[in-house]
Ligand code: SF4
Ligand code: SF4
């Protein structure tokens with residue numbers, strides 16, 4: 086019969102319309118501002134209207150959401166900060182659109198590269214948010230940010246991020262990616278233990294060699 090489909094469709098719309106108010110009552114108007122409500126709204130159990138009144142209302146981003154990368158520094162006990170990046174250049178090498186460039190300096194006395202970038206740039210207009218830089222960094226130093234609100238009126242002046250703009254403390258990383266942060270911390274502890282063990286073994290070998298030489 087003509088029109089049945091339309092009536093059915095309007096029924097679905099009406100169902101969602103009513104469910105929206107029921108859902109609002111269920112969460113007492115806080116369905117966008119309550120972690121428990123967020124979890125339900127982002128699951129198949131969500132009921133009612135699905136649109137979000139952005140920018141007044143924002144849904145929580147999943148932990149693995151990625152946008153522009155940022156550089157992590159550790160806050161030390163004496164109040165100073167230590168960059169994790171050692172300017173190895175691997176991220177710049179693997180970046181598919183080649184939008185990372187790093188300024189490295191050499192030690193004037195030894196002539197060897199200083200393991201700390203003098204500057205670090207990412208052209209965020211070119212970055213395609215693939216996350217490869219983060220995947221390949223061997224020092225847990227570059228990770229993907231959640232901040233997607235980066236529009237500007239002057240992209241030529243604002244959208245080449247330098248080190249100052251890219252730097253974030255490890256606590257920020259922990260706040261947006263708690264599981265990834267915990268995994269990285271465990272990896273860092275493991276790497277440090279391996280390095281300490283290998284250093285101890287090297288010293289032991291050196292001591293044995295010197296003892297043999299003296300005999
Ligand atoms: S962010 Fe990581 S991969 Fe890139 S230069 Fe620094 S240490 Fe190397
Ligand atoms: S996210 Fe991808 S495109 Fe963006 S800087 Fe990293 S590797 Fe390059």
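Numbering (this note's numbering), first residue to last: 86 to 300.
For every residue, glycine included, the Cβ atom is placed at its ideal position computed from N, Cα and C.
No experiment lies behind these values; they were computed from the predicted model shown.
Cutoff 8 Å; reference residue i; Cβ partners in own chain excluding five residues on either side
i, result
"residue 148", "261, 262, 263, 264 and 265"
"residue 253", "155, 156, 157, 158 and 230"
"residue 191", "197, 198 and 199"
"residue 120", "145"
Burial state of residue i, where buried means 16 or more other Cβ atoms lie within 10 Å
i, result
"residue 86", "exposed"
"residue 227", "buried"
"residue 290", "exposed"
"residue 103", "exposed"
"residue 287", "exposed"
"residue 251", "buried"
"residue 255", "buried"
"residue 163", "exposed"
"residue 297", "exposed"
"residue 258", "buried"
Own chain residues within Cβ distance below 7 Å of residue i, not counting five before or after
i, result
"residue 161", "167"
"residue 273", "225"
"residue 174", "187"
Distance between beta carbons of residue j and residue i, contact taken as under 8 Å
i, j, result
"residue 210", "residue 240", "6 Å"
"residue 201", "residue 172", "6 Å"
"residue 105", "residue 123", "Not a contact, Cβ separation roughly 16 Å."
"residue 176", "residue 221", "6 Å"
"residue 213", "residue 182", "6 Å"
"residue 90", "residue 151", "Incorrect: roughly 41 Å between the Cβ atoms, too far for contact."
Closest residue to residue i among the options (Cα-Cα distance)
i, options, result
"residue 142", "238, 175, 164 and 116", "116"
"residue 153", "180, 163 and 111", "180"
"residue 107", "95, 133 and 246", "133"
"residue 140", "190, 270 and 233", "233"
"residue 130", "101, 114, 176 and 113", "101"
"residue 189", "248, 292, 88 and 110", "248"
Check: residue i C-beta below 7 Å from any heavy atom of ligand 4
i, result
"residue 171", "Only ligand 1 and ligand 2 can be found as ligands here, which leaves ligand 4 out of the picture."
Enclosing beta strand (DSSP E) for residue i [first to last residue]
i, result
"residue 188", "185–188"
"residue 207", "204–208"
"residue 252", "252–254"
"residue 166", "166–168"
N- and C-terminal bounds of the alpha helix (DSSP H) containing residue i
i, result
"residue 152", "No alpha helix (DSSP H) holds residue 152; DSSP gives it neither H nor E."
"residue 296", "263–299"
"residue 123", "120–126"
"residue 240", "240–243"
"residue 109", "89–111"
"residue 227", "Run containing residue 227: none in the alpha helix (DSSP H); it sits in the beta strand (DSSP E), 227–229."
"residue 175", "175–179"
"residue 217", "217–221"
Own chain, CB closer than 6 Å to residue i, minus 5 neighbours either side, in chain order
i, result
"residue 246", "207 and 209"
CB contact check: residue i to chain C, cutoff 8 Å
i, result
"residue 181", "Among the protein chains of the structure shown there is no chain C, as only one such chain exists."
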